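**Student:**
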Amino acid sequence: YKAVSKIYVDGKQTDEYTTRFGIRSIEIIADKGFFLNGKHRKFQGVCNHHDLGPLGAAVNVAALRRQLTLLKDMGCDAVRTSHNMPTPELVELCDEMGFMMMLEPFDEWDIAKCENGYHRYFNEWAEKDMVNMLHQYRNNPCVVMWSIGNEVPTQCSPEGYKVASFLQDICHREDPTRPVTCGMDQVTCVLANGFAAMIDVPGLNYRAHRYVESYETLPQNIVLGSETASTVSSRGVYKFPVQKGASVMYDDHQCSGYDVECCSWSNLPDEDFALSDDYDWTIGQFVWTGFDYLGEPSPYSTDSWPSHSSVFGIIDLASLPKDRFYLYRSLWNKQANTLHVLPHWTWPGREGENTPVFVYTSYPSAELFVNGK
1 YKAVSKIYVD GKQTDEYTTR FGIRSIEIIA DKGFFLNGKH RKFQGVCNHH DLGPLGAAVN
61 VAALRRQLTL LKDMGCDAVR TSHNMPTPEL VELCDEMGFM MMLEPFDEWD IAKCENGYHR
121 YFNEWAEKDM VNMLHQYRNN PCVVMWSIGN EVPTQCSPEG YKVASFLQDI CHREDPTRPV
181 TCGMDQVTCV LANGFAAMID VPGLNYRAHR YVESYETLPQ NIVLGSETAS TVSSRGVYKF
241 PVQKGASVMY DDHQCSGYDV ECCSWSNLPD EDFALSDDYD WTIGQFVWTG FDYLGEPSPY
301 STDSWPSHSS VFGIIDLASL PKDRFYLYRS LWNKQANTLH VLPHWTWPGR EGENTPVFVY
361 TSYPSAELFV NGK
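Numbering (the UniProt record's numbering), first residue to last: 1 to 373.
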C-alpha cells in the first residue's frame, strides 16, 4: 500500500511524500514459536554482508534483485543485514519480493574488536544512529525484528546488560511493534550475567549444542539461531577421502564441496535442521552466509596468500550456487522439486577408486544409475 502525505499552507500544497507500507502481524509466543499473520513458521534466513562481490559495495539494484531471486529460489524467506544498516533499495526490494528482514547496525559497542572500530564513536553516536535506522525503516513491513549487535565483547562485561538494555529501550520507544534480538556467541557469559535474559528474543550465534540449555535457563523460552552453520566449501572442488572435519586446510587453500567441513566454532547444516524440526521453541535460523564475501577466508588465515575470499557462502562470489544451495533448497523450497547430484564425473587419475556420490533431493527417495546400471 501507499500512504500519501501532503502539506498545505494557506490552501496551497507545499510538499508531498509517499510512504510504502504493508499490513501484517508478527508474534513470538513462549514455547510455541514465531507466528506471521497468525501462522506458525520458522525463519529460513541467511546473513549477508552489504557488498555485491566483484561488483563492489556501491548499490546496484539489478544485482541486489538477482541475489534475492537466487535466495528465493532456494526457499530463503529472511535476510539479516550483518552487520550494517541496509541500503533503502535492499529493504524496498525485500518488501516487494516477500522477504522478512532482521536489521542489525552494530558489530561493536563500547569495547573494541579492532583499533578503528565503532567503539570510538559509540557513546556519542549509538542512540542517534539507532534512531535514524528505526525512523528510516519502521514503516517497511518486511522488517520483523531489530538486532542491536553481533558478538559484541560487551556481552561479557559486568555492565554489558545495561548497554543492551539502553539499546533495546530505544527500539521499544521508537517502535513498540517489533521485538529485539542480539547475536550472542559467548553463551556461558550471557546465561550467567543476565545479558541474555533481558533481550526480547535471545539470539545464539552457533553453539547449537547449547540451545536446549539456553531454552531451559532463560525466561523467554525461545531461541533464535541468529547466525548458524558456517559450513565451508569451494564450488566445484572435491577432496578425498570424504570425511567430516573442522578447520581442515589444504595446500590449494580450497575447501571440499562435499559440504562436510566447518570451522572450529561452527557446525554442519544437519545440526540446525534437526533442532528446527524437533523443537517449536527454536524459531528458525540465519545461515552464515548467503553469499561468499571478501575477507574472513576461514579456515585459512587472512595473512595466508592468496586467501582473500570467504568460503562460507551457499552461493559463491560470482553469484553461482554451490552444491550446498541444493541441500537447503531440498528442505526449504516447498513449491518446487529438487534433485541434485554431486560431484562432477571427470576424475583423471582416480581410475579404479571409489568416488562417493551425494544426492540432495526433496523426493522421498532417489536411485543412482552409473553407465545405465
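All C-beta atoms in this analysis are idealised placements derived from N, C-alpha and C, irrespective of residue type, glycine included. Small disclaimer: the values here were computed from a predicted structure and weren't measured.
Leaving aside the five residues before and after residue 37 along the sequence, list all residues of the same chain whose C-beta is less than 6 Å from its C-beta, in chain order.
**Tutor:** Cβ within range, chain order: 24 and 25.
**Student:** Is the number of C-beta pairs between the stretch 242-258 and the stretch 41-55 that are closer than 8 Å three or more?
**Tutor:** The stretch 242-258 vs the stretch 41-55: no contact.
**Student:** Report all residues from its chain with a CB closer than 7 Å to the CB of residue 263; omit the five preceding and five following residues, and keep chain order.
**Tutor:** Contacts found: 230, 232, 246, 247, 298 and 299.
**Student:** Would you check if there are 3 or more beta carbon pairs closer than 8 Å linking the stretch 322-338 to the stretch 60-77?
**Tutor:** The stretch 322-338 is in contact with the stretch 60-77.
**Student:** Please give the ranges of any alpha helix (DSSP H) in the stretch 242-321, keeping only runs that are unbroken, at least 4 residues long and fully inside the region.
**Tutor:** Correct list: 269-278.
**Student:** Buried or exposed: which applies to residue 192, given that a residue is buried once 16 or more other Cβ atoms fall within 10 Å of its Cβ?
**Tutor:** Burial call: exposed.
**Student:** Tell me the rounded alpha-carbon separation between residue 20 and residue 53.
**Tutor:** Answer to the nearest angstrom: the Cα atoms are 29 Å apart.
**Student:** Using the rule of at least 16 other Cβ atoms within 10 Å of the residue's Cβ for burial, across every protein chain shown, is residue 184 buried or exposed?
**Tutor:** That one is buried.
**Student:** How should residue 284 be labelled, buried or exposed, when 16 other C-beta atoms within 10 angstroms of its C-beta is the threshold for buried?
**Tutor:** Result: buried.
**Student:** When DSSP labels each residue in this structure, what does residue 23 get in the three-state scheme?
**Tutor:** The answer is coil: DSSP assigns residue 23 none of H, G, I, E or B.
**Student:** The beta strand (DSSP E) with residue 114 in it runs from where to where?
**Tutor:** Unbroken run through residue 114: none, as it is neither H nor E.
**Student:** Taking only the alpha-carbon atoms, compute the straight-line gap between residue 362 and residue 337 and give it to the nearest angstrom.
**Tutor:** If you take the alpha carbons of residue 362 and residue 337, they lie about 6 Å apart.
**Student:** Any chance you could list the beta strand (DSSP E) runs of at least 3 consecutive residues sitting entirely within the stretch 125-150, in chain order?
**Tutor:** Segments of the beta strand (DSSP E) lying fully in the stretch 125-150: 143-150.
**Student:** When DSSP labels each residue in this structure, what does residue 358 get in the three-state scheme?
**Tutor:** The answer is strand: DSSP assigns residue 358 an E or B state.
**Student:** Quick check: residue 281 and residue 222, are their CB atoms within less than 7 Å of each other?
**Tutor:** Yes, Cβ-Cβ distance for residue 281 and residue 222 is below 7 Å.
**Student:** Could you tell me whether the Cβ atoms of residue 292 and residue 309 are closer together than 7 Å?
**Tutor:** Yes; because the gap between Cβ atoms is below 7 Å, this pair is in contact.
**Student:** By how many angstroms is the C-alpha of residue 347 removed from the C-alpha of residue 275?
**Tutor:** Taking the straight line joining both Cα atoms gives about 37 Å.
**Student:** Assign residue 208 to one of two classes, buried (16 or more other C-beta atoms within 10 Å of its C-beta) or exposed (fewer than that).
**Tutor:** With 16 or more Cβ atoms within 10 Å of its Cβ, residue 208 is classed as buried.
**Student:** Take every Cβ of the stretch 161-181, pair it with every Cβ of the stretch 210-220, and state whether three or more of those distances are shorter than 8 Å.
**Tutor:** Output reads no: the stretch 210-220 does not touch the stretch 161-181.
**Student:** Is residue 65 helix, strand or coil when you go by DSSP?
**Tutor:** Reduced to three states, the DSSP call for residue 65 is helix.
**Student:** Measuring alpha carbon to alpha carbon, tell me which residue in 190, 5, 70 and 67 is nearest residue 205.
**Tutor:** Of the listed residues, the one whose Cα sits closest to residue 205 is 190.
**Student:** Does the separation of the CB atoms of residue 104 and residue 117 fall below 7 Å?
**Tutor:** No. Outside cutoff.
**Student:** Confirm, please, whether the CB-CB distance from residue 195 to residue 155 is below 7 Å.
**Tutor:** Taking 7 Å as the Cβ cut-off, residue 155 and residue 195 qualify as a contacting pair.
**Student:** Quick one: residues in its chain with C-beta nearer than 7 Å to the C-beta of residue 90, no 5 flanking neighbours on either side, listed in chain order?
**Tutor:** Closer than 7 Å at Cβ, skipping near neighbours: 64.
**Student:** How about residue 59 and residue 87: do their beta carbons lie closer than 7 Å?
**Tutor:** Result yes, Cβ atoms of residue 59 and residue 87 sit closer than 7 Å.
**Student:** Please go through the same chain and pick out, in chain order, the residues whose beta-carbon is closer than 8 Å to the beta-carbon of residue 219, but skip the five residues on each side of it.
**Tutor:** 197.
**Student:** If we ignore side chains and look at the alpha-carbon of each, how far apart do residue 253 and residue 16 end up?
**Tutor:** Taking the straight line joining both Cα atoms gives about 55 Å.
**Student:** Given a threshold of 16 other Cβ atoms within 10 Å of its Cβ, counted over all protein chains shown, does residue 353 qualify as buried or as exposed?
**Tutor:** Burial call: exposed.
**Student:** Take the Cβ of residue 287 as the centre, count every other Cβ of all protein chains shown within 10 Å, and call the residue buried at 16 or more, exposed below.
**Tutor:** Buried, since its Cβ has 16 or more Cβ neighbours within 10 Å.
**Student:** Roughly how many whole angstroms lie between the Cα atoms of residue 273 and residue 227?
**Tutor:** Cα-Cα distance, rounded: 13 Å.
**Student:** Would you mind stating whether residue 85 and residue 94 have Cβ atoms separated by less than 7 Å?
**Tutor:** No, the Cβ-Cβ distance between residue 85 and residue 94 is not below 7 Å.
**Student:** Please name the residue or residues paired with residue 229 in a DSSP beta bridge.
**Tutor:** Its beta-bridge partners are 288.
**Student:** How would you label residue 368, buried or exposed, when you count the other beta carbons within 10 angstroms and need 16 or more for buried?
**Tutor:** The residue in question, residue 368, is exposed, as its Cβ has fewer than 16 Cβ neighbours within 10 Å.
**Student:** Buried or exposed: where does residue 96 fall if 16 or more other Cβ atoms within 10 Å of its Cβ makes it buried?
**Tutor:** Per the 10 Å Cβ criterion, exposed.
**Student:** Have a look at 268, 9, 294 and 345 and flag the residue whose alpha-carbon is nearest the alpha-carbon of residue 57.
**Tutor:** If we check each option's Cα against that of residue 57, 294 comes out closest.
**Student:** Taking the DSSP output, what are the residues bridged to residue 179?
**Tutor:** For residue 179, which the question treats as bridged, DSSP gives no partner whatsoever.
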